[in-house]
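In the working numbering, the protein residues as written are 5 to 321.
First comes the structure, then the notes that go with it.
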Amino acid sequence: MTETEAPISIQDLRKSYRNGFTAVDGLSLDVRKGSFTGLLGPNGAGKSTTLKIASGLVPPTSGRVLLNGFDVASEHRKALKDVGTVIETPEYYAYLTPRETFSYIGGVIGMRRESVAAQTDALLEEVKMSEWEDKRIGTFSKGMRQRISIALALLNDPNVIILDEPTSGLDPRGMAEMREILKNIRNGKPGLTVLMSSHMMHEVTDLCDRIAMVNRGRLLVHDDKEKVIGGSGDEHRLSIRLAGGASPEALEAVRSEVCIESAEVSGTAIEAVMRGNDDSAADLIAALVARGLRPCSVSEDENALENRYLEMIQESG
5 MTETEAPISI
15 QDLRKSYRNG
25 FTAVDGLSLD
35 VRKGSFTGLL
45 GPNGAGKSTT
55 LKIASGLVPP
65 TSGRVLLNGF
75 DVASEHRKAL
85 KDVGTVIETP
95 EYYAYLTPRE
105 TFSYIGGVIG
115 MRRESVAAQT
125 DALLEEVKMS
135 EWEDKRIGTF
145 SKGMRQRISI
155 ALALLNDPNV
165 IILDEPTSGL
175 DPRGMAEMRE
185 ILKNIRNGKP
195 GLTVLMSSHM
205 MHEVTDLCDR
215 IAMVNRGRLL
225 VHDDKEKVIG
235 GSGDEHRLSI
245 RLAGGASPEA
255 LEAVRSEVCI
265 ESAEVSGTAI
275 EAVMRGNDDS
285 AADLIAALVA
295 RGLRPCSVSE
305 DENALENRYL
315 EMIQESG
C-alpha cells in the first residue's frame with residue numbers, strides 16, 4: 005500500500021441473496037488513513053453485511069474490498085494480516101482465561117510467545133480487565149467479553165480495526181465503559197484506522213472524526229463529522245438560549261441577522277442555521293446584545309447530527 009492509498013477501500017460493493025433481497029447496493033467508500041470513521045445507518049441499512057464482507061466472513065456478489073491494498077476475497081491472508089476485527093459478539097472457549105485465550109489466538113496467527121505475553125499485559129490493562137486475567141471467560145458478562153474482543157483485535161498491533169456495533173446489547177454502564185476504552189485507543193494510537201458501524205448518533209458524534217451514512221445498502225454521504233452535521237464547511241446548526249425565553253421578538257431578531265439562513269423556536273431555545281465561522285457567532289451574540297436581548301448560551305445543536313441523519317434517510321427513500 006502506498007502512502008496515498010486508503011487502508012480500507014470499498015469498491016462498488018454489492019451483496020444480493022437468492023430471495024431477491026439486496027443488502028449492499030453498489031457501495032463505494034475509501035476510509036482515510038488514521039481516521040475513526042463511523043458507518044452510520046438504521047437497522048437493515050447494510051452496515052453489518054459490509055463489515056462482514058470486509059472481514060472475509062461473507063463473499064460479495066460483486067465489487068471488492070481492499071485492506072492495505074490487498075483484495076479480501078482473493079488475497080485473504082495478506083489483506084487481513086494487519087487488521088483486527090470485532091464482528092457481532094465472538095464466542096470463546098468458556099473454560100479458558102483471558103491470558104490463555106490470548107496465548108492460543110497469538111499462536112494461531114503466528115505471533116512469538118514473548119510478544120503475546122507482553123501484548124497481553126498491556127492490552128488487558130488498556131481494556132480494564134487485568135484483575136480478571138486468570139478468571140474463566142465463561143463467567144464473564146457480555147460487556148466483559150466485548151472488552152476481551154477489543155483487546156484481541158489489537159493483539160497483533162494492527163494498523164486497521166473494524167468494529168461492528170461494539171456497544172450493542174450492553175447496559176448503559178457497559179456502553180459508557182466501552183466508549184471510554186475506544187476513546188483511549190483512538191487517542192493512544194494516532195496512526196490507527198478505525199471503521200465502526202453504529203446506529204446511535206451520540207456514539208458516532210462522541211467517537212468519530214469522519215462519518216459515512218448509509219441506507220438500503222447505498223452511501224448517502226461521507227465526510228468530516230463537522231461537514232456532515234452542518235451540511236457544508238461553513239454551515240452551523242446553533243441552539244440559542246436567551247434570558248426571557250424564545251419570544252417572537254427574539255426569533256425575529258435572530259432571523260434578521262445576515263449570517264442566519266433560517267431560525268425556528270424549539271422549546272425554550274431558538275434553533276438556527278448560521279453561515280460563517282466562529283467570528284460570525286461572536287458577531288451574532290454582539291448583535292443580539294445590541295438589540296437588548298441577553299443570550300445565555302449559543303452552542304452547536306446537540307441534535308444536529310440526528311436532524312441531518314433523518315433528513316438524509318428521508319431523502320434516500
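Here a beta-carbon is modelled for each residue, glycine too, at the ideal position from N, C-alpha and C.
Quick caveat: nothing in here was measured; it's all calculated off a predicted structure.
query, result
"When 100, 273, 17 and 161 are compared against residue 194, the one with the closest alpha-carbon", "161"
"Given 8 Å, three or more beta-carbon pairs between the region 151–165 and the region 117–130", "yes"
"Beta-carbon contacts of residue 300 that lie in its chain and below 7 Å, excluding the five residues immediately before and after", "245, 246 and 247"
"Nonlocal neighbours in the same chain, by C-beta distance under 6 Å from residue 49, ignoring five residues either side", "218 and 219"
"Whether residue 95 touches residue 147 by CB criterion (9 Å)", "no"
"Ordered list of beta strand (DSSP E) runs contained in the region 125–179, each at least 3 residues", "164–168"
"Residues bridged to residue 26 (per DSSP)", "20"
"Inter-stretch contact at 8 Å, needing at least 3 Cβ pairs: the region 66–82 / the region 136–143", "no"
"Top-ranked residue by Cα proximity to residue 203, from 266, 43, 239 and 61", "43"
"DSSP state of residue 117 mapped onto helix, strand, coil", "helix"
"Assigned exposure category for residue 252 - 16 Cβ within 10 Å defines buried", "exposed"
"Per DSSP, the bridge partner or partners of residue 34", "13"
"Cβ shell of residue 16 (< 6 Å), same chain only, five flanking positions each side left out", "30, 32 and 67"
"Under 9 Å between C-beta atoms of residue 260 and residue 276", "no"
"Cβ pair count under 8 Å reaching 3, the region 166–178 against the region 221–229", "no"
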